[in-house]
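Below: the structure, in structure tokens.
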Amino acid sequence: MADTREHTLPGTKGALLVHEWPHTRPRYLALLVHGYGEHAGRYQEVAGVLGAHGAAVYAPDHVGHGGSAGERVVVEDFEDVVSDVHAVADLARAAHPGLPLVLVGHSMGGLISARYAQRHGAELTALVLSGPVIGAWELPGRLLALEEIPDTPISPAALSRDPAVGAAYAADPLVWHGPMKRPTLEAFARTLRTVAEGGDVGGLPVLWLHGDDDRLVPLPGSRVGVERLTGGAGGDLTERIYPGARHEVFLETNRAQVFADVTAFLDRVLPR
Numbered sequence: 001m002a003d004t005r006e007h008t009l010p011g012t013k014g015a016l017l018v019h020e021w022p023h024t025r026p027r028y029l030a031l032l033v034h035g036y037g038e039h040a041g042r043y044q045e046v047a048g049v050l051g052a053h054g055a056a057v058y059a060p061d062h063v064g065h066g067g068s069a070g071e072r073v074v075v076e077d078f079e080d081v082v083s084d085v086h087a088v089a090d091l092a093r094a095a096h097p098g099l100p101l102v103l104v105g106h107s108m109g110g111l112i113s114a115r116y117a118q119r120h121g122a123e124l125t126a127l128v129l130s131g132p133v134i135g136a137w138e139l140p141g142r143l144l145a146l147e148e149i150p151d152t153p154i155s156p157a158a159l160s161r162d163p164a165v166g167a168a169y170a171a172d173p174l175v176w177h178g179p180m181k182r183p184t185l186e187a188f189a190r191t192l193r194t195v196a197e198g199g200d201v202g203g204l205p206v207l208w209l210h211g212d213d214d215r216l217v218p219l220p221g222s223r224v225g226v227e228r229l230t231g232g233a234g235g236d237l238t239e240r241i242y243p244g245a246r247h248e249v250f251l252e253t254n255r256a257q258v259f260a261d262v263t264a265f266l267d268r269v270l271p272r
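Numbering (full-length UniProt numbering), first residue to last: 1 to 272.
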């Protein structure tokens, strides 16, 4: 797979940095949507797997994250972030017209991707949700009830059983290591309601990946949202729950199995 390229787009709230992992003859497009406080550069391994599988891969740093503009980790409206992701999809489609588009969203990126599928689902061939913030996620309400948001950053140990993952996260200068901010928490709460009320995604194939020891986005709360999004028994939902795995299943000790599950799902749903 070729080296990463970078693009700058005029996002809804300022300059948007977009990472591209090119492919000389792709058979589909994969759009990676990263989580809270991190950046798309952490998805190099995922991009490599998808590239070897035939994808040209694109991934923005969201507003307030990574190399994009904005106050750090402030997202005032996730509808704007969905619009930014859609602009990246347009960039990818302009470079590779007619190819199927797969959306892969992790954590906060799962919330963004779920809302994207509600707004633009007809443009997607498949949706992959990893530890998605969707359904009954109690953290925003709990923190918003406090007069002051506590300075309790994400514990690196909650990400993966692989200690090297936590160490790299803690040392990454592009990762936010401070407290959550009230406007972002308010946007989370608002968008969780919007997605809950926004209807299902019809027959769009959805793959849901989750660790059963995810303490950041507990599995039972996500299940409520995933089942609602996919329309229950009438939808096309594939779920893979990994015993003992924590929040970042793409960086877990069993990630070879996770990647195999992703590519097997895509082999089923992509046009031959």
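Glycine residues also receive a C-beta, built at the ideal position from the N, C-alpha and C atoms.
Under the three-state DSSP convention, the category Met1 falls into: Low per-residue confidence applies at Met1: pLDDT is 46, beneath 50, and the placement is therefore not dependable enough to give any value.
In DSSP terms, what Ala30 is bridged to: Val57 and Val102
Three-state secondary structure (DSSP) of Glu20: strand
Reduced DSSP secondary structure (H/G/I, E/B, other) of Leu129: strand
Contact set for Phe265: own chain, Cβ-Cβ below 8 Å, skip 5 residues either direction: Same-chain partners within the cutoff: Ala126, Val128, Pro205, Leu207 and Thr238.
Cβ distance (whole Å) where Thr184 is taken to contact Arg115 below 8 Å: With a Cβ gap of about 15 Å, Thr184 and Arg115 do not count as contacting.
Straight-line gap, Val73 to Ala245 (C-alpha atoms, nearest Å): Straight through space, the alpha carbons of Ala245 and Val73 are spaced by roughly 26 Å.
Sequence-distant residues of the same chain with beta carbon closer than 8 Å to Gly70, five excluded per side: Leaving aside the five residues that flank Gly70 on each side, the residues in its chain whose CB is nearer than 8 Å to its CB run, in chain order, Lys13, Gly14, Val63 and Gly64.
Counted within 10 angstroms of its Cβ, other Cβ atoms place Ser155 as buried (16 or more) or exposed: Ser155 sits exposed, since fewer than 16 C-beta atoms from the chains shown fall within 10 Å of its C-beta.
Nearest-angstrom Cα separation, counted from Glu147 out to Met1: The predicted position of Met1 is uncertain, since its pLDDT is 46 and thus under 50; a value taken from the coordinates is nonetheless stated next. Near 49 Å, if we compare the C-alpha coordinates of Glu147 and Met1.
Where Val258 falls, given that 16 or more other Cβ within 10 Å makes a residue buried: Result: buried.
Same chain, Cβ closer than 6 Å to Pro243, neighbours up to 5 away in sequence not counted: Exclusion of the five residues before and after Pro243 leaves Asp212 as the residues of its chain whose Cβ lies within less than 6 Å of its Cβ.
Complete runs of the beta strand (DSSP E) confined to the region 195–228 [at least 3 residues]: 206–211
Own chain, CB closer than 7 Å to Met108, minus 5 neighbours either side, in chain order: Gly35, Tyr36 and Val133
Pro255, buried or exposed, once every other Cβ within 10 Å from all chains shown has been counted against 16: Contrary to the premise, residue 255 reads as Arg rather than Pro in this sequence. Arg255 comes out buried.
CB contact check: Pro153 to chain C, cutoff 9 Å: No chain C is part of this structure, which consists of one protein chain only.
Buried or exposed by the 16-neighbour rule on C-beta atoms within 10 Å, applied to Glu45: exposed
Residue nearest to His96 in terms of C-alpha spacing, selected from Glu227, Gly231, Ala168 and Leu29: Leu29
CB contact flag (residue 278, Leu31, <9 Å): Because the chain is modelled from 1 through 272, residue 278 falls outside the range shown and cannot be assessed.
Coarse secondary structure for Gly110, derived from DSSP in three states: helix
Option nearest Val262 by Cα separation, candidates Glu38, Glu138, Thr194 and Val49: Val49
Beta-carbon proximity check, Leu91 vs Asp162, cutoff 9 Å: no
Proximity below 9 Å, CB of Val201 to CB of Gly235: yes
Residues near Glu38 in its chain [Cβ-Cβ closer than 6 Å; skip 5 each side]: Cβ contact annotation for Glu38 (same chain, cutoff 6 Å, sequence separation greater than five): Val175, in chain order.
Buried versus exposed call for Asp61 [16 or more other C-beta atoms within 10 Å across all chains shown]: buried
Nonlocal neighbours in the same chain, by C-beta distance under 8 Å from Arg272, ignoring five residues either side: Hits under 8 Å: none found.
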